[in-house]
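*Asks:* Here it is, the structure, as structure tokens.
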Amino acid sequence: MGKKSFVRGAFILGVAGVVGKFIGAFFRIPLANIIQPEGIGLYQMAYPVYIALLTISTAGLPTAIAKMVAENLALGHNREAHRIFQISFKMLAILGIIATIILAAVTPLFAKFIQNDKVILPLLSIAPSLFFVSVMSAYRGYFQGMQMMGPTAVTQITEQIGKLVIGLSLAYALVGKGVEYGAAGAIIGVTLSEVIALGVIIYIYNKHKSEIEYGIRTSPKLERIPTSRSIISQLIKIAIPITVGASVIPLVNMVDLVIIPRRLVSVGYAVDRATEMYGYLTGYANVFINFPQVVTLALAVSLVPAISESAALKDYGMVKHKSVTGIRLAILFGLPSAVGLSILAAPIIKLLYGSLTENEVSAVARVLSLVSYSLIFLTLNQTVTAILQGVGKVVLPVRNMFIGALAKSITNFVLVGIPVLNIRGAAIGTIVCYGVAASLNFATVKRHTRMEFKVMDFVVRPIVSVVAMAISVLYSYNWIIEKTGRNSISTIASIVIGIIVYLIMLLVIGALKQDDFDIIPGGRILAKILTKLGIYKNRKE
113 MGKKSFVRGA
123 FILGVAGVVG
133 KFIGAFFRIP
143 LANIIQPEGI
153 GLYQMAYPVY
163 IALLTISTAG
173 LPTAIAKMVA
183 ENLALGHNRE
193 AHRIFQISFK
203 MLAILGIIAT
213 IILAAVTPLF
223 AKFIQNDKVI
233 LPLLSIAPSL
243 FFVSVMSAYR
253 GYFQGMQMMG
263 PTAVTQITEQ
273 IGKLVIGLSL
283 AYALVGKGVE
293 YGAAGAIIGV
303 TLSEVIALGV
313 IIYIYNKHKS
323 EIEYGIRTSP
333 KLERIPTSRS
343 IISQLIKIAI
353 PITVGASVIP
363 LVNMVDLVII
373 PRRLVSVGYA
383 VDRATEMYGY
393 LTGYANVFIN
403 FPQVVTLALA
413 VSLVPAISES
423 AALKDYGMVK
433 HKSVTGIRLA
443 ILFGLPSAVG
453 LSILAAPIIK
463 LLYGSLTENE
473 VSAVARVLSL
483 VSYSLIFLTL
493 NQTVTAILQG
503 VGKVVLPVRN
513 MFIGALAKSI
523 TNFVLVGIPV
533 LNIRGAAIGT
543 IVCYGVAASL
553 NFATVKRHTR
563 MEFKVMDFVV
573 RPIVSVVAMA
583 ISVLYSYNWI
593 IEKTGRNSIS
603 TIASIVIGII
613 VYLIMLLVIG
623 ALKQDDFDII
633 PGGRILAKIL
643 TKLGIYKNRK
653 E
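Numbers 113 to 653, taken from my numbering, label the letters of the sequence shown in order.
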């Protein structure tokens, strides 16, 4: 695969991932307003079970299919490449059916275990989607093996748009029957969106069918044809380590789902109240943790090929330079996002969730103001993970994330059981999880790249800028709310003022380097204008 083709493919998937994550995060805001805290709690109880089963059954197989297809196509073995697709299609279809049956069968037992029968309907509603996604992943792997990333990107965005439109519509139509029906409606939207996405990728496949068949007809016959069993064995061998790595967070979320509501009930909360509180964290507060990730996810996607290229050329000085730049940008974005969300937690919740009562706004805001600090470590962890992947150390981030996840589960079990902390104990657990993983990954990056820890760039300048931003946000919000009495105007205006003050501080104290402007579209022109105005002084690393 040529360099330009690789970068183009990575860019397409990166953009699709960012767009999909943004739509997914946005979906939760109107959904929470429609189905209320208990409903969003039920939705968040069903969705992690689905994701965990989906990850275990399909996570590594599209990559394995892509690898084996690409290898055969490179040798001109188009017939074998298509045969790999056909075998994996059948294999994934069977896995999808098994996963669907398992989820449907264990749903009543699971509901009994977490002591909440209302979760049964949402879980049964999402079970069929396991089959559709499994089948679709075979097509995705085949196209990726042909170096065609477009079909995967299109279906990812189709899934999110379908979930947004159909899910919200059904949630609104059904919530009048009860919160569990509203949650089930949203989840039926997920299932139907997967059906539509599968239809889209089958359509794309049929459009390319003539050229695929031509490649098969002109492909030479192999003297020794691999058996179906050997192909399945090779697929599994490639997929298992990828699946293990991808399963860490979904399985941790499953453990949280088991631990948190039960611990809340054990300290005296009613089941419905425990479900609401679980929804405060997972359905309300965590939405705002997902939004800033869109930016750092894009940074991580671009870092992997950039670091890989320098490592392949053995230009270790450039590996170190790019690593420092990536980490600094992650801190410069993650720190203000965390502090800003913490300061304006209540105003933001009140602005976006008009259906909540004052007590509910206060409860959600207390959770958000705490869990927002996980963003510092989450954005840093995404970046250092990308660096490690770029230098070929793909196992180490998985190991470190597993250690962080274990720390999170222990923290959740202990702290959620303390009545005065309750659901906020789980927020602390999230901070611990990413704090541990980011620290271990950061130390690993330092060891493998011999990167220096730049106190001024990584700590002093970001903190000084954030303190100035925090003061401006607090004073501007309080002054505007006093003058206007309107939370919406005060919140939006204080956010804008905070961003402006923060950017000015970054420029004045030299936190932004010339390299940062080089990677921003139009950044060089902006740097020249700011330099002429005397706001910015050109600084290299």
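No residue lacks a Cβ here, since even glycine has one placed at the ideal position from N, Cα and C. Remember, it's a predicted structure, so these values are computed and weren't measured experimentally.
Whose C-alpha, out of Leu143, Leu236, Glu421 and Gly327, is nearest the C-alpha of Ala285?
*Replies:* As a working note, residue 285 is residue 173 in the sequence shown. Out of Leu143, Leu236, Glu421 and Gly327, Leu143 has the C-alpha closest to the C-alpha of Ala285.
*Asks:* Below 8 Å between beta carbons: does that hold for Gly537 and Asn524?
*Replies:* Counting from one through the sequence shown, the residue named residue 537 turns up at place 425. Counting from one through the sequence shown, the residue named residue 524 turns up at place 412. Yes. Within cutoff.
*Asks:* Using the Cα positions of Lys426 and Asp569, report the straight-line distance between them to the nearest angstrom.
*Replies:* In the sequence shown, the residue the question calls residue 426 occupies position 314. In the sequence shown, the residue the question calls residue 569 occupies position 457. Distance between the alpha carbons of Lys426 and Asp569: 26 Å.
*Asks:* Contact between the stretch 389–403 and the stretch 149–156 is defined here as three or more beta-carbon pairs at a separation below 8 Å; is this criterion met?
*Replies:* Short answer: they touch.
*Asks:* Would you check if there are 3 or more beta carbon pairs closer than 8 Å linking the stretch 282–302 to the stretch 209–223?
*Replies:* No: fewer than three Cβ pairs fall under 8 Å.
*Asks:* Look up Ala171 in the DSSP assignment and say whether it is helix, strand or coil.
*Replies:* Your numbering for residue 171 matches position 59 in the sequence shown. Looking at Ala171 - three-state DSSP - the assignment turns out to be coil, as it is neither helix nor strand.
*Asks:* At 4 residues or longer, and completely inside the stretch 371–440: list those alpha helix (DSSP H) runs for me, N to C.
*Replies:* Counting whole runs of 4 or more residues, the stretch 371–440 contains the alpha helix (DSSP H) stretches 383–391 and 398–424.
*Asks:* Between which residues of its own chain and Val613 is the CB-CB distance below 6 Å, once the five residues before and five after are set aside?
*Replies:* Locating residue 613 in the sequence shown gives position 501, counting from the first residue. Answer for Val613: Ala580, Met581 and Ser584, listed in chain order.
*Asks:* Just how far apart, CA to CA, sit Ala182 and Gln259?
*Replies:* Along the sequence shown, read from residue 1 onward, the residue named residue 182 stands at position 70. Along the sequence shown, read from residue 1 onward, the residue named residue 259 stands at position 147. Each residue's alpha carbon lies about 8 Å from the other.
*Asks:* Mind reading off the beta-carbon distance from Ala171 to Ser359? Whole number of angstroms is fine, and I expect it under 8 Å.
*Replies:* Reading the sequence shown from its first residue, position 59 is the one you call residue 171. Reading the sequence shown from its first residue, position 247 is the one you call residue 359. Ala171 to Ser359, Cβ: 7 Å. Contact.
*Asks:* What distance in whole Å lies between the Cβ atoms of Ile196 and Ile177, which are believed to be in contact at a cut-off of 8 Å?
*Replies:* Within the sequence shown, the letter at position 65 stands for residue 177. Within the sequence shown, the letter at position 84 stands for residue 196. Sure, about 7 Å apart at Cβ, within 8 Å.
*Asks:* Please classify Pro142: does DSSP put it in a helix, a strand, or coil?
*Replies:* Numbered from its first residue, the sequence shown carries residue 142 at position 30. Here Pro142 sits in helix by DSSP.
*Asks:* In angstroms with no decimal places, state the Cα-to-Cα distance between Leu187 and Tyr546.
*Replies:* The residue labelled residue 187 in the question sits at position 75 within the sequence shown. The residue labelled residue 546 in the question sits at position 434 within the sequence shown. In a straight line, the C-alpha of Leu187 is about 43 Å away from that of Tyr546.
*Asks:* Report, in whole angstroms, the separation of the C-beta atoms of Ala504 and Ala423, which I expect to be a contact under 8 Å.
*Replies:* Residue numbering aside, residue 504 sits at position 392 when the sequence shown is read from its first letter. Residue numbering aside, residue 423 sits at position 311 when the sequence shown is read from its first letter. The identity of residue 504 in the sequence shown is Gly, whereas the question assumes Ala. Yes, Gly504 and Ala423 are in contact; Cβ-Cβ is about 7 Å, under 8 Å.
*Asks:* Does any CB atom of chain B fall closer than 8 Å to the CB of Leu619?
*Replies:* As a matter of chain content, chain B is missing from the structure shown, which is built from one protein chain.
*Asks:* Do the CB positions of Ile499 and Ser577 come within less than 8 Å of each other?
*Replies:* Position 387 of the sequence shown holds residue 499. Position 465 of the sequence shown holds residue 577. Contact flag unset, no.
*Asks:* Note down, one range per segment and in chain order, each alpha helix (DSSP H) of at least 4 residues found wholly within the stretch 539–574.
*Replies:* With a minimum length of 4 residues, no continuous alpha helix (DSSP H) run stays inside the stretch 539–574.
*Asks:* Suppose the cutoff is 7 Å on Cβ atoms and the five residues either side in sequence are ignored; what does the same chain contact list for Tyr317 look like?
*Replies:* Here residue 317 is taken as the residue at index 205 of the sequence shown, counted from 1. Answer for Tyr317: Tyr251, listed in chain order.
*Asks:* Would you mind reading off the limits of the alpha helix (DSSP H) that contains Val287?
*Replies:* Translated into positions along the sequence shown, residue 287 becomes position 175. It is not in any alpha helix (DSSP H) - Val287 carries neither H nor E in the DSSP assignment.
*Asks:* Quick one, are the C-beta atoms of Ile371 and Ser521 less than 8 Å apart?
*Replies:* Counting from one through the sequence shown, the residue named residue 371 turns up at place 259. Counting from one through the sequence shown, the residue named residue 521 turns up at place 409. A contact, by the Cβ cut-off of 8 Å.
*Asks:* Name the residue from Asn590, Arg140, Ala193 and Ile592 whose alpha carbon lies nearest to the alpha carbon of Gly327.
*Replies:* Taking the first residue of the sequence shown as 1, we reach residue 327 at position 215. Ranking Asn590, Arg140, Ala193 and Ile592 by Cα distance to Gly327 puts Ala193 first.
*Asks:* When the Cα atoms are used, what is the spatial distance from Ala457 to Met513?
*Replies:* Here residue 457 refers to the residue found at position 345 of the sequence shown. Here residue 513 refers to the residue found at position 401 of the sequence shown. So the two alpha carbons sit approximately 28 Å from each other.
*Asks:* Asn493: buried (16+ other C-beta within 10 angstroms of its C-beta) or exposed?
*Replies:* On the sequence shown, position 381 is the one that residue 493 refers to. Under this definition Asn493 is a buried residue.
*Asks:* If we require 4 or more residues per run, which alpha helix (DSSP H) segments fall completely within the stretch 308–351?
*Replies:* Qualifying alpha helix (DSSP H) stretches, in chain order: 321–329.
*Asks:* Buried or exposed for Glu656, going by 16 or more other Cβ atoms inside 10 Å?
*Replies:* Residue 656 cannot be examined here, being either before or after the span of the chain that is shown, 113 to 653.
*Asks:* Between the C-alpha atoms of Ala605 and Pro459, what's the straight-line distance to the nearest angstrom?
*Replies:* As a first step, residue 605 must be located in the sequence shown, where it is residue number 493. As a first step, residue 459 must be located in the sequence shown, where it is residue number 347. Distance between the alpha carbons of Ala605 and Pro459 is about 12 Å.
*Asks:* So, with DSSP's three-state summary, where would you put Asn534?
*Replies:* For the purposes of this step, residue 534 is identified with residue 422 of the sequence shown, where counting begins at 1. Here Asn534 sits in coil by DSSP.
*Asks:* Quick check: the Cα distance between Ile439 and Val496, rounded to an integer number of angstroms?
*Replies:* As a working mapping, residue 439 is identified with position 327 in the sequence shown. As a working mapping, residue 496 is identified with position 384 in the sequence shown. So the alpha carbons of these two residues sit roughly 7 Å apart.
*Asks:* Have a look at Ala549 and Ile361 and give me their C-alpha separation to the nearest angstrom.
*Replies:* Residue mapping note: residue 549 aligns to position 437 of the sequence shown, counting from 1. Residue mapping note: residue 361 aligns to position 249 of the sequence shown, counting from 1. Between Ala549 and Ile361, the C-alpha separation is close to 12 Å.
*Asks:* Counting C-beta neighbours from all protein chains within 10 Å, is the total for Ser486 16 or more, i.e. buried, or is it exposed?
*Replies:* Residue mapping note: residue 486 aligns to position 374 of the sequence shown, counting from 1. By the 10 Å Cβ count, Ser486 comes out buried.
*Asks:* Under 8 Å, do Gly466 and Pro404 count as touching if we go by C-beta distance?
*Replies:* Stepping through the sequence shown from its first residue, residue 466 is reached at position 354. Stepping through the sequence shown from its first residue, residue 404 is reached at position 292. No, the Cβ-Cβ distance between Gly466 and Pro404 is not below 8 Å.
*Asks:* Output yes or no for whether 8 Å exceeds the beta carbon distance between Glu598 and Val399.
*Replies:* The residue labelled residue 598 in the question sits at position 486 within the sequence shown. The residue labelled residue 399 in the question sits at position 287 within the sequence shown. The question names Glu, yet the displayed sequence has Arg at residue 598. Cβ atoms of Arg598 and Val399: not closer than 8 Å.
*Asks:* In or out: Ser342 buried (at least 16 other Cβ within 10 Å) or exposed?
*Replies:* As a first step, residue 342 must be located in the sequence shown, where it is residue number 230. Ser342 comes out exposed.
*Asks:* Assuming Val302 and Ile209 make a contact with CB atoms under 8 Å, what is their CB distance in whole Å?
*Replies:* Indexing the sequence shown from 1 puts residue 302 at position 190. Indexing the sequence shown from 1 puts residue 209 at position 97. Not quite, the Cβ-Cβ distance comes to about 18 Å (not below 8 Å), so this is no contact.
*Asks:* Is His189 helix, strand or coil by DSSP?
*Replies:* As a working mapping, residue 189 is identified with position 77 in the sequence shown. Residue state, collapsed to three classes: coil.
*Asks:* Compute the Euclidean distance between the alpha carbons of Lys321 and Leu334, then round it to the nearest angstrom.
*Replies:* Position 209 of the sequence shown, counting from 1, holds the residue named residue 321. Position 222 of the sequence shown, counting from 1, holds the residue named residue 334. When rounded, the distance between both Cα atoms is 22 Å.
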